[in-house]
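Numbering (my numbering), first residue to last: 35 to 287.
Even for Gly, the Cβ is constructed at its ideal location relative to N, Cα and C.
Quantities reported herein were computed from a predicted structural model and do not represent experimental measurements.
Worksheet: the structure to be examined is printed underneath.
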Ligand code: PGA
């Protein structure tokens, strides 16, 4: 399986020109990115322009997905439209959306509707804080079980990926990245929850990514020593030179 890299641009760059120059900078390293399953999740208004720029070495991702198909939903973009623009993966249940009120129930619906349109659902889970007794494992188990409730076996598994993104490690308020040994432990735990739901051999095919303060310094070790299949990267994905270095660590596992 090729390593997976998701560039989550969030609400940046602030201009289309900035987005185009970032996409152009990435395309200078297209041979590197082609060695990965590389996804770029730009702000929605840039989808078309960025999608054309990255076509030869990356696929488009959405930062969120609306939990319905078709219909008059003022202000929302439904999965069909995203699909028509070339979106192949949707980030679902990102902690920044959960902080805006998104519940486990909404996340479950979003997963279902993404899959129905053939879009891979990248389900984000992660605790707000770690707990010496390991209570945070129960929290992520619940998030994951709830998101996966009611999924049928084979077809679903092929369109599923999990991103472990502990909230305390994500974004500019992060308390720093995760220790490799803690990530390795979380990956084993998540794999076990997936095995309980889908069976061991099916679960083995579901990629588990890590996100939260990934940068050129920590990427190599986090990839080598933890069992993750790749990364979702926020801040460092806005600097092409940093993302290039992270991509390189994913190709040299
Ligand atoms: P970060 O964000 O890399 O800036 O911590 C990761 C994410 O939000 O997916």
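Judged by DSSP in its simplified three-state form, residue 52 adopts helix. In the three-state scheme derived from DSSP, where H, G and I count as helix and E and B as strand, residue 164 is classed as coil. Three or more beta-carbon pairs drawn from the segment 60–80 and the segment 35–51 are found closer than 8 Å, and the two stretches are therefore classed as touching.
Inclusion of residue 126 and residue 111 in the CB contact set at 7 Å is not warranted, their separation being larger than that value. If you check the C-beta of residue 42 against the ligand PGA, you find a heavy atom less than 6 Å away. If you draw a straight line from the Cα of residue 202 to the Cα of residue 87, it comes to about 33 Å.
Shown here for residue 286: same chain residues with a beta carbon closer than 8 Å to its own, the five before and five after excluded, namely 254 in chain order. The segment 203–220 makes contact with the segment 239–252; the number of CB pairs closer than 8 Å reaches 3 or more.
Rounded to the nearest whole angstrom, the C-alpha separation of residue 139 and residue 101 is 11 Å. Straight-line measurement puts the Cα of residue 113 at about 11 Å from the Cα of residue 105. Contact annotation: the segment 184–197 touches the segment 157–173, with at least three C-beta pairs closer than 8 Å.
When secondary structure is reduced to three states using DSSP, residue 242 falls in the strand class. For the pair of segments examined, the segment 240–247 was found to touch the segment 260–273: the number of CB pairs separated by less than 8 Å reaches three. For the pair residue 39 and residue 281, the CB atoms are nearer than the 7 Å cut-off. If you check the CB distance, residue 85 and residue 120 come in under 7 Å. For residue 286, DSSP records no beta bridge to any residue. The bridge partners DSSP lists for residue 264 are 38 and 243. Between residue 59 and residue 274, the beta carbon gap of about 4 Å places them in contact (Cβ cut-off 8 Å). For the options 239, 272 and 271, the alpha carbon positioned closest to that of residue 36 is the one of 239. Residue 258: not part of any beta strand (DSSP E); member of the alpha helix (DSSP H) spanning 253–258, first to last residue. Bounds of the beta strand (DSSP E) holding residue 122 are 121–126.
Looking only at 171, 181 and 133, the smallest Cα-Cα distance to residue 149 is reached by 181.
Taken through DSSP and simplified to helix, strand or coil, residue 157 comes out as strand. Exclusion of residue 131 from the 6 Å shell around the ligand PGA follows from its C-beta lying no nearer than that to any non-hydrogen atom of the ligand. Here residue 103 is exposed, its C-beta having fewer than 16 other C-beta atoms within 10 Å.
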